[in-house]
Each structure stands twice: as C-alpha cells, then as structure tokens.
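Numbering (our numbering), first residue to last: 529 to 600. See structure below.
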C-alpha cells in the first residue's frame with residue numbers, strides 16, 4: 529500500500545518502528561531459513577517482534593489497505 533494512503537499518525541508509527549523491525553526481521557528470517565538460528569527459538573523471535581511494535585505496524589498497513597479498498 530503506497531505511503532500516500534497513510535494518515536499522519538500512521539506515518540509517525542511507521543517512522544518510529546519500521547527501520548528496526550526491518551533489520552531484525554531480515555536478519556532472523558535468513559537465519560531461520562539457513563538454519564543458523566534453530567526453530568526452537570521461533571517463539572522468542574515472535575515475542576521480540578511484538579515488543580518491537582510489529583502488531584502496530586500491521587494495524588497501520590491494514591488500515592491503509594482498508595482505505596484503498598473503500599472499507600473505511
């Protein structure tokens with residue numbers, strides 16, 4: 529969803545969390561796929577994502593998508 533559909537508060541949320549989430553997600557995504565991080569640590573990974581406001585980012589993206597689709 530293009531950033532043009534985000535509200536100012538949503539842009540603030542993305543600005544606050546996107547960079548750190550992107551780095552953490554990217555590094556760990558590759559580590560799980562290549563096996564350098566064991567799947568036994570996946571729950572910890574998910575909890576860390578939550579603590580980094582991953583769910584807030586999903587909500588922002590979903591709200592923008594809903595506006596594009598005319599649901600809001």
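Here a beta-carbon is modelled for each residue, glycine too, at the ideal position from N, C-alpha and C. Owing to the predicted nature of the structure, the values given are computational and were not obtained by experimental measurement.
Residue range of the unbroken alpha helix (DSSP H) whose run includes residue i
i	result
residue 577	570-579
residue 531	Premise fails: residue 531 is in no alpha helix (DSSP H) and is neither H nor E.
Three-state secondary structure assigned by DSSP to residue i
i	result
residue 537	helix
residue 564	coil
residue 599	coil
Rounded distance between the beta-carbons of residue j and residue i, thought under 8 Å
i	j	result
residue 581	residue 557	That pair is no contact at about 18 Å.
residue 534	residue 592	5 Å
residue 567	residue 560	7 Å
Sequence-distant residues of its chain with Cβ nearer than 7 Å to residue i (five each side left out)
i	result
residue 571	none
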